[in-house]
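Report on one structure; see the data block that follows.
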Amino acid sequence: MAENPGEGQEVRLAFRIGYLGTAFYGSQYQPDQRTVEGEITAACLRAGLIGDRTEARLALSGRTDRGVHARCQILSFTTNNPERAVRALNGQFPPDIWATSWTEVHPGFYPRYDVINRTYRYYFGMVPGDVCLMKDAAALFTGVHDFSCFARIEPGKIPVKTIDRIGIFRDDSWCWLEITAQSFLWHMVRCIASSLLSVAGRTLTCRDLEILLEGTCKNKVKPAEPDGLILWDVTTDLAWKSMPIPGLKKERLRREAMHLHLMGRIHDLLYPDKEENSLSPGIRSPGVEKGTGYRSDSTF
Numbered sequence: 007m008a009e010n011p012g013e014g015q016e017v018r019l020a021f022r023i024g025y026l027g028t029a030f031y032g033s034q035y036q037p038d039q040r041t042v043e044g045e046i047t048a049a050c051l052r053a054g055l056i057g058d059r060t061e062a063r064l065a066l067s068g069r070t071d072r073g074v075h076a077r078c079q080i081l082s083f084t085t086n087n088p089e090r091a092v093r094a095l096n097g098q099f100p101p102d103i104w105a106t107s108w109t110e111v112h113p114g115f116y117p118r119y120d121v122i123n124r125t126y127r128y129y130f131g132m133v134p135g136d137v138c139l140m141k142d143a144a145a146l147f148t149g150v151h152d153f154s155c156f157a158r159i160e161p162g163k164i165p166v167k168t169i170d171r172i173g174i175f176r177d178d179s180w181c182w183l184e185i186t187a188q189s190f191l192w193h194m195v196r197c198i199a200s201s202l203l204s205v206a207g208r209t210l211t212c213r214d215l216e217i218l219l220e221g222t223c224k225n226k227v228k229p230a231e232p233d234g235l236i237l238w239d240v241t242t243d244l245a246w247k248s249m250p251i252p253g254l255k256k257e258r259l260r261r262e263a264m265h266l267h268l269m270g271r272i273h274d275l276l277y278p279d280k281e282e283n284s285l286s287p288g289i290r291s292p293g294v295e296k297g298t299g300y301r302s303d304s305t306f
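If you want it as structure tokens, here you go:
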């Protein structure tokens, strides 16, 4: 911290956090549901870091839906106990939330608006049939477009957004969409992912996408399932300092990952027709919705 203000002096802090979204009813605080903000608020209250979430202006850099994960989400709040916050926060968080770094920020910092851009990744449950066609289609989203057909538009929201970068990537195990913009609409990334899968399945053409990007449609694109979506990175101009993650938390995360991997393999073994479950390009497994290429029961 700048010149180490010490305890008892009001300081605004920012943290880079990650979380597994599977057991959360989204990131936004809801008093009757388990949410990311709700668990963070409870952790801060237990540690004596804040007295009230509103007065502390506790906020995240973006909203994620139920089941959506984060590799890098920005958390900020004001506290009179900054040193205790850095020391105790990871220990107070539940196993499915962790902080990787921190920094002191100016008193007016608000992560929803004071970040440069956000990057999401959507990991597909299987390799789509025509990845090259998906790549061509993805390029159509770059630049300024009306995303009315690709999002759930909330009252007062402007449907026009600018996509800075977008691409389809593949390695031996995964195929994923990566997309960067200053801000996104509700369900926007999941709708884009769903539409690109439809292009790969040849139930939607590039010309269809161009028409949808004009903002006029009878039926909006349905979003892909949330399980494969990760808030991958949030770009800021802040200088971050690393935070240790307790060994027990790391071990629990590792065990959870091993369990999910095992369950995914068991699900594959239990399908009646193993030949249709090879996840080879162009082969649909049971549970894949026609035209989406998405296995609704996949584990990420």
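Counting in this note's numbering, the sequence shown runs from 7 upward without gaps. Here a beta-carbon is modelled for each residue, glycine too, at the ideal position from N, C-alpha and C.
For this session: Answer yes or no: the CB of Ile251 versus the heavy atoms of the ligand SAM, is any distance below 7 Å?
Result: The model depicted lacks the ligand SAM and carries no ligand whatsoever.
Exercise. Which of helix, strand or coil does DSSP assign to Asp102?
Worked result: coil
Problem set entry | Limits of the alpha helix (DSSP H) - the one that Gly44 falls within | 42-52
Exercise. With contact counted as at least three CB pairs below 8 Å, one residue from each stretch, are the stretch 190-206 and the stretch 134-153 in contact?
Worked result: yes
Problem set entry | Assigned secondary structure, Glu313 (DSSP; H/G/I helix, E/B strand, else coil) | Since the first and last residues shown for the chain are 7 and 306, residue 313 lies out of range.
Problem set entry | Inter-residue spacing [alpha-carbon to alpha-carbon] between Ala143 and Gly234 | 20 Å
Exercise. For Met140, which residues of its own chain have a beta-carbon under 7 Å away from its beta-carbon, when the five flanking residues on both sides are left out?
Worked result: Pro134, Ile174, Leu202, Val205, Ala206
Problem set entry | Local conformation of Ala206 per DSSP, three classes | helix
Exercise. Just curious, the beta strand (DSSP E) that Arg127 is in, first and last residue?
Worked result: 123-129
Exercise. Near Leu259, which residues of its chain fall below 6 Å by C-beta distance, leaving aside the five closest residues on each side in sequence?
Worked result: none
Exercise. What is the DSSP secondary structure of Arg18, counted as helix, strand or coil?
Worked result: strand
For this session: Using the Cα positions of Ala187 and Pro278, report the straight-line distance between them to the nearest angstrom.
Result: 42 Å
For this session: Would you kindly work out how many angstroms separate the C-alpha atoms of Leu285 and Ala245, rounded to a whole number?
Result: Low confidence applies here, because Leu285 scores a pLDDT of 45, under 50, leaving its location unreliable and the question unanswered by this model.
Problem set entry | DSSP three-state assignment for Pro287, whether helix, strand or coil | Residue placement at Pro287 is flagged as unreliable, the pLDDT there being 39, under the threshold of 50; the coordinate-derived value follows with that caveat. If DSSP states are grouped into helix, strand and coil, Pro287 belongs with coil.
Exercise. With 16 other CB atoms within 10 Å as the buried threshold, where does Ser304 fall?
Worked result: Any reading at Ser304 needs caution, since the residue's pLDDT is 33, under 50, leaving its predicted position unreliable; the model's value is listed next. Under this definition Ser304 is a buried residue.
Exercise. What are the partner residues of Leu139, as DSSP defines its beta bridges?
Worked result: According to DSSP, Leu139 bridges with nothing at all.
For this session: Specify, as a first and last residue, the run of the alpha helix (DSSP H) that Lys256 falls within.
Result: 253-276
Problem set entry | Ala76 - partner residues in DSSP beta bridges | Tyr25, Leu237
For this session: Check whether the Cβ atoms of Arg72 and Pro232 lie closer than 8 Å to each other.
Result: yes
For this session: Taking Phe130 as the reference, give the member of Glu16, Glu160, Pro100, Ser179 with the closest Cα.
Result: Ser179
Problem set entry | Bridge-paired residues (DSSP) for Asp152 | Val166
Exercise. Measuring CB to CB, does Ile236 end up less than 8 Å from Ala105?
Worked result: no
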